[in-house]
Amino acid sequence: MTEKLYIDALAEAIREEFDRDPNVFMMGEDIGIYGGAFGVTKGMYEKYKDKLIETPISEAGIVGAAVGAALVGMRPIVEIMFSDFLTLPMEWIVNQAAKLRYMTGGQLKVPMVIRTPMGSGTGAAAQHSQSFPAIFAHIPGLKVVMPATPYDVKGLLKAAVRDDNPVLFFEHKLLYWTKGEVPEEDYIVPIGKAEIKREGKDITIIAGSITVPRSLEAAEELKTYGIDAEVIDIKSLSPLDEETIVKSVIKTGKILIVEDDNKNYGWGAEVLSKLVESEAFDYLDYPIQRLAGKNVPIPYNPQLERAAVPQTEDIVQKVRSIFDK
Amino acid sequence: MELSKEKLLWMYQKMVEIRQFELKVDELFKKNMIWGTCHLYVGEEATAVGACAALNPDDYITSTHRGHGHTIAKGADLKKMMAELLGKETGYCKGRGGSMHIVDVSTGNLGANGIVAGGIPIATGAALASKLKKDNKVTICFFGDGAANEGVFHESLNMAGLWKLPVVYICENNLYGMSNPVSKSTAVKDIAQRAESYNMPGVIVDGNDIVEVYKAVKEAVDRARRGEGATLIESKTYRWLGHSKSDPRVYRTREEEEEWKKKDPIKRFEKYLEETTDITKDELEEINKKVEQEIEEAYQFAINSPDPRVEDLAKYVYA
Ligand SMILES: Cc1ncc(C[n+]2csc(CCOP(=O)(O)OP(=O)(O)O)c2C)c(N)n1
Ligand SMILES: [Mg+2]
């Protein structure tokens, strides 16, 4: 295995899927010679001219057209430049892509992927910085993933492309330049499976996307306070891997959920409710804790921006307070 | 449409303010003193200033992600703008918004927008309100060539055409939406052609000629104020710098850029003033110096202003 950047692992997955299946193609703004706003398709244009459909600035039209192409046998990957702009094609995601299978009694399917960068930390302010995968996880018929590592972004993208359902694929911007081991061979990371990233016995920290590296970092620091934290990467919000979470909580009895989304009605609330409804409830020896973004649009000023979402030190502090340490 | 000397000098000063403000911002960006991203208006000054010169102080505008020029042309305070870019409590949005969200209620500026075409229906709604309230105000809606391909452009112009709203849509066609040239994004050659579909006049102007911009917009504004409805004006121009902070501009040639720099709207206006008025070089030079001073003061004000308090993070979420 070699170390790769998240962004490179993602690009590799896209190229390999282009090569594997003639029906896979990509649509999006500035994805040609410019290489996309974050550079995911940089350098691809030469070889994959026919696969990269560069569009006008028409998000509703792009996603709607991708739905149509998917209905008749293509497997489109749509790049939406910032996840904030998902509000524009909401109709074709929620009323069309998500429901067409069910409404037609299983006649139609919509195998498409909508990839999009999310999150704060770059000073792009309120309309270019939010994380809201949970909104989509609320909708039956959609799958929602948010890979945290180079290994997962490659494997999950491939799984998403090969899935027969519409998949929302969230990439936190600050992850693009992180590194990790990525195998050369073709592999899949299954949608709907969480993973224990760090074993521990005292508390279960459930994280997703950018909060995974932050939680792992916090777990290291918590060792110095004698706290042995288990960290779970949720990876997929829909479907949600209840089994892995429930098992872990039965072991540790304590839980902290860490979300980059703002807190109200966030995905952590769903995880919490699943736990309360499960056998894990009897094993809880401390009230379930959530750490999430503040209920504000993301501010521009860097100190305010940082304070709006959970940072590593917030996780450390929260866990210490649970243990009175 | 005679322009008074006072007005001509005002127009010149506003263009110089925009140019110098943007160059200062570019410099601060390169020094990592400005956070996030910025879309600069250098080269397009004549459109914002020529258009706003045709408005009354209490008329409205809506702006875009590339909004500093419109904001200055409508009369904003450079100090508060610079403070906003530095994320300070003294900025227009108290450091919460940054470059893409500057709003100045005091000058009728309903705001920049991070969402391409976001301002188009909003301008339409402001014009609808003016019609309902009979307040005799006109709204100018600025947007780019790229924005004209969003659905709301078409929905909005249809409503404005249908209801004869007092709004002037000004499409700043700077030939590219980010990296995408108009020829690859837009089915028609001229965006002004689309006016026909919405039963309003469509006008093309040389966006680097401030007098031509002013005349066309003035006519459209007067028409709107008379209750005769909306106009779509396409202003052909060019952005000199990259789309945003880190754009290597691989999608266009350096030669093309040089060609457009020869059509510098400020130089052209200087020539116009020299040839058609008694305004002297010294007077213009003085304006340049005055603006330089103004920009420096804005910078000093911004840099010495306090940051917002982290405890106030949740202030302003609700009215
Ligand atoms: C809805 C939406 N889609 C995409 C973007 C990203 N984006 C910002 S500016 C821009 C190009 C806009 O082009 P144009 O309207 O011509 O304005 P210009 O930048 O040329 O002034 C794009 C694609 C956005 N901010 N909002
Ligand atoms: Mg443009």
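So the sequences go chain by chain: A and B.
Counting in the numbering used here, the first sequence runs from 1 upward without gaps.
Counting in the numbering used here, the second sequence runs from 1001 upward without gaps.
Backbone N, C-alpha and C fix where the C-beta goes; we use that ideal spot for every residue, glycine too.
Min CB distance residue i to chain B below 8 Å
i, result
"H128 of chain A", "yes"
"T122 of chain A", "yes"
"E29 of chain A", "yes"
"I33 of chain A", "yes"
Interface flag, residue i vs chain A, CB-CB below 8 Å
i, result
"A1314 of chain B", "yes"
"V1188 of chain B", "no"
"E1150 of chain B", "yes"
"N1180 of chain B", "yes"
"M1100 of chain B", "yes"
"P1308 of chain B", "yes"
"R1096 of chain B", "yes"
"T1037 of chain B", "yes"
"A1147 of chain B", "yes"
"V1213 of chain B", "no"
"S1185 of chain B", "yes"
"G1067 of chain B", "no"
"G1087 of chain B", "yes"
"V1317 of chain B", "yes"
"G1177 of chain B", "yes"
Exposure of residue i, with buried meaning 16 or more beta-carbon neighbours within 10 Å
i, result
"T1277 of chain B", "exposed"
"A1123 of chain B", "buried"
"E1150 of chain B", "buried"
"L1110 of chain B", "buried"
"V1291 of chain B", "buried"
"A1230 of chain B", "buried"
"I1303 of chain B", "exposed"
"R1226 of chain B", "exposed"
"N1106 of chain B", "A small fix is needed here, since residue 1106 of chain B is Ser in this sequence, not Asn. The residue in question, S1106 of chain B, is exposed, as its Cβ has fewer than 16 Cβ neighbours within 10 Å."
"N301 of chain A", "buried"
"K1088 of chain B", "buried"
"E185 of chain A", "exposed"
"L1162 of chain B", "exposed"
"L1132 of chain B", "exposed"
"N1113 of chain B", "buried"
"E1045 of chain B", "buried"
"A1054 of chain B", "buried"
"F281 of chain A", "exposed"
Where residue i sits in the DSSP three-state scheme
i, result
"Y187 of chain A", "coil"
"F281 of chain A", "helix"
"A160 of chain A", "helix"
"I1072 of chain B", "helix"
"V1317 of chain B", "coil"
"V67 of chain A", "helix"
"M1082 of chain B", "helix"
"M1011 of chain B", "helix"
"Y169 of chain A", "In the sequence on display, residue 169 of chain A carries Phe and not Tyr. Here F169 of chain A sits in strand by DSSP."
"A1231 of chain B", "Sequence inspection shows Thr at residue 1231 of chain B; the Ala mentioned does not correspond to that position. Looking at T1231 of chain B - three-state DSSP - the assignment turns out to be strand."
"K193 of chain A", "coil"
"Q289 of chain A", "strand"
"V1211 of chain B", "helix"
"N1180 of chain B", "strand"
"Y1060 of chain B", "strand"
Nearest residue (CA-CA) to residue i, options the options
i, options, result
"E59 of chain A", "A:I33, A:Y286, A:L86, A:Y48", "A:L86"
"A194 of chain A", "A:K235, A:E185, A:I205", "A:K235"
"K1271 of chain B", "B:S1004, B:R1254, B:D1209", "B:D1209"
"A1147 of chain B", "B:V1138, B:E1172, B:L1165", "B:E1172"
"E1022 of chain B", "B:K1094, B:H1068, B:E1084", "B:H1068"
"A65 of chain A", "A:Y102, A:I250, A:G141, A:V113", "A:V113"
"F170 of chain A", "A:G141, A:Y151, A:L237", "A:L237"
"V296 of chain A", "A:E29, A:Y283, A:R290, A:N264", "A:N264"
"L5 of chain A", "A:E242, A:I80, A:K173", "A:K173"
"P269 of chain A", "A:I257, A:P183, A:A280", "Correcting the residue identity first, residue 269 of chain A is Ala in this sequence and not Pro. When only C-alpha atoms are compared, the closest one is A:I257."
"C1141 of chain B", "B:M1178, B:L1132, B:V1167", "B:V1167"
"P190 of chain A", "A:P183, A:S215, A:A160", "A:A160"
"P1201 of chain B", "B:C1038, B:I1233, B:N1113", "B:I1233"
"D1312 of chain B", "B:E1017, B:L1008, B:K1094", "B:K1094"
"Y1012 of chain B", "B:K1315, B:L1273, B:E1296", "B:L1273"
> the segment 47–72 of chain A: which residues have C-beta closer than 9 Å to a C-beta of chain B, in chain order?
Replying inline: Those residues of the segment 47–72 of chain A that come within reach of chain B (Cβ to Cβ, closer than 9 Å) are E54, T55, P56, I57, S58, E59, A60, G61.
> What residues in the segment 3–14 of chain A have a beta carbon less than 9 Å from any beta carbon of chain B?
Replying inline: Within the segment 3–14 of chain A, no residue places its CB atom closer than 9 Å to a CB of chain B.
> Between the segment 1249–1262 of chain B and chain A, which residues of the former have a C-beta closer than 9 Å to a C-beta of the latter?
Replying inline: Here the close residues are V1250, Y1251.
> When Cβ atoms are compared, which residues of the segment 282–312 of chain A fall closer than 9 Å to chain B?
Replying inline: Under the 9 Å Cβ criterion, the segment 282–312 of chain A contributes K294, N295, V296, P297, P299, Y300, N301, P302, Q303, L304, E305, R306, A307, A308.
>> Output needed in chain order: residues of the segment 97–125 of chain A with a Cβ under 7 Å from some Cβ in chain B.
In response: The residues in question are T122, G123, A124, A125.
> When you check each C-beta in the segment 1108–1131 of chain B against every C-beta of chain A, which residues fall closer than 7 Å?
Replying inline: Look at the segment 1108–1131 of chain B: the residues with a C-beta under 7 Å from a C-beta of chain A are G1114, I1115, V1116.
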